[in-house]
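Only one structure is covered here, and it is reproduced in the block below.
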Amino acid sequence: MSQETEHVKCLIIGSGPAGYTAAIYASRADLKPVMYTGLLAGGQLTQTTEVENFPGYPQGIMGPELMEDFRKQAERLGTEIRFGYVSSVDFSSLPHKVVVDEVKTITADTVIISTGASAKWLGLESEQKYSGFGVSACAVCDGFFFKGQDVAIVGAGDTAAEEATYLAKLARKVYMIVRRDEFRASKAMVHRVLNTPNIEILYNTETKEILGDGQSVTGVKVINNQTNAETDLDVTGFFVAIGHHPNTDIFKGWLHMDETGYIITRPGSTETNVEGVFCAGDAQDHIYRQAVTAAGTGCMAAIDAERYLAAQEHIVTA
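Heads up: the sequence shown begins at 1159 in the numbering used here, then just goes up one per residue.
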């Protein structure tokens, strides 16, 4: 049971580029935002190494450092940032009720959800060991670092096919590891893969181990699940493209979502189906999933929240 109650004008759930940008704009609009960071303060970028595609950093910047800059800016402008996680919500009436760490109830006039999405991994110990050092879940983010090299990508859906063809423009060779004897991707995407000469498809193949020298990836051991034959692929990059899981489970039953759990927002807006609740970043974006696009929707969410509150005040005083 909740033991404390506090009311805020704008509550931001989750950090990362979307949450921090929402906080910056909400602070400047005098919404006095309170942010709960979630268990991974700063989001997925805190688990990456060098970021070269975020505007304003011509020399690149380390992911954790970038998120620290976001945090400092949000705090300087007046956001109250708290470490904690939201354990449940009640969007049945206004103000909205949110329970934090299972003990404290926050009532909020507006809620901005920026809980992000987590990449699905294979579950190998070596995969986590070399994450950021040759292992990546984002070809668009990290493919640049493997120009002219040999890489492997695991997955058989549209995302894997798209990322394989993207990597093929940069890498010398791309091994595509497909667990079954066919793709799950659309015919158009499969056609693109089959017509890219430097992609080699390994059907009925699974990843057994990611090989490395203790510093970075040097290869990957794969096994044919029909013959049990093992092969070592000489690659310096290993990309996982088996999907993402949006961190939205606590909002199920309250917010409209697609079949995989991404929150649905009104086109051209961050508004959800619940009045006063907005969503930004990867929790609602399964297409782009970039730091800069997440930041853009964070800006939108804060502006949407400010306009919503201004309209409510006008109704009250009219």
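Note that CB positions come from ideal geometry on N, CA and C, so glycine has one too.
With distances taken from CA atoms, which of the options is nearest residue i?
| i | options | result |
| --- | --- | --- |
| M1225 | G1196, L1189, I1264 and Y1178 | Y1178 |
| D1300 | A1329, W1279, K1287 and A1460 | A1329 |
| A1297 | D1416, G1401 and R1465 | G1401 |
| A1453 | K1167, A1199, M1193 and F1212 | F1212 |
| G1209 | K1305, M1347 and G1218 | Looking at the sequence itself, residue 1209 is Val, so the reference to Gly does not match. When only C-alpha atoms are compared, the closest one is G1218. |
| G1196 | F1303, F1241 and S1427 | F1241 |
| P1222 | A1184, I1311, G1290 and F1341 | G1290 |
| V1257 | L1169, G1377, S1284 and T1455 | L1169 |
| Y1194 | A1387, E1233 and D1227 | E1233 |
| A1468 | Y1324, A1180, A1184 and A1310 | A1184 |
| A1181 | M1334, I1445 and Q1231 | Q1231 |
| R1342 | G1426, G1370, G1315 and Q1373 | G1315 |
| R1424 | D1443, T1406, M1347 and R1186 | D1443 |
| R1338 | I1359, L1325, G1201 and E1321 | I1359 |
| T1207 | A1438, Y1361, F1303 and V1435 | F1303 |
| N1361 | M1334, L1369 and V1348 | Note that residue 1361 is Tyr in the sequence shown here, rather than Asn. Ranking M1334, L1369 and V1348 by Cα distance to Y1361 puts M1334 first. |
| Y1420 | D1407, V1432 and T1323 | D1407 |
| N1382 | F1396, K1366 and Q1373 | K1366 |
| K1305 | I1239, G1292, Y1215 and T1317 | G1292 |
| K1327 | G1434, E1433, G1201 and V1351 | V1351 |
| M1220 | L1203, R1229 and L1235 | L1203 |
| S1294 | L1198, I1311 and N1356 | I1311 |
| L1325 | V1247, N1431 and T1354 | T1354 |
| S1272 | A1449, A1460, Q1470 and G1439 | G1439 |
Pick helix, strand or coil for residue i, following the three-state DSSP scheme.
| i | result |
| --- | --- |
| A1476 | Only weak support exists for where A1476 lies, its pLDDT of 44 falling under 50; the value from the coordinates is given anyway. If DSSP states are grouped into helix, strand and coil, A1476 belongs with coil. |
| P1404 | strand |
| S1185 | helix |
| K1305 | coil |
| C1168 | strand |
| G1456 | helix |
| T1323 | helix |
| T1365 | strand |
| G1434 | coil |
| E1417 | coil |
| S1160 | Low confidence applies here, because S1160 scores a pLDDT of 45, under 50, leaving its location unreliable and the question unanswered by this model. |
| Y1178 | helix |
| E1464 | helix |
| E1429 | strand |
| E1208 | strand |
| E1471 | helix |
Compute the beta-carbon to beta-carbon distance between residue i and residue j, rounded to the nearest angstrom, for a pair I have assumed lies under 8 Å.
| i | j | result |
| --- | --- | --- |
| Y1288 | V1375 | 5 Å |
| V1380 | T1363 | 5 Å |
| V1309 | T1394 | 7 Å |
| T1389 | P1404 | About 35 Å separates the two Cβ atoms, so there is no contact after all. |
| A1187 | E1433 | Not quite, the Cβ-Cβ distance comes to about 19 Å (not below 8 Å), so this is no contact. |
In the DSSP assignment, what are the bridge partners of residue i?
| i | result |
| --- | --- |
| D1390 | K1379 |
| I1335 | V1312 and L1360 |
| G1395 | V1309 |
| G1370 | V1375 |
| V1293 | S1289 and F1396 |
| I1219 | V1209 |
| M1347 | Paired residues: none, contrary to the question. |
| V1194 | According to the sequence displayed, residue 1194 carries Tyr and not Val. The partner list for Y1194 (beta bridge, DSSP) reads I1171 and R1240. |
**OP:** Let me know the beta strand (DSSP E) ranges lying completely inside the stretch 1225 to 1283, each 3 residues or longer, listed in chain order.
**Re:** 1238 to 1240, 1244 to 1248, 1254 to 1258, 1262 to 1271 and 1275 to 1277
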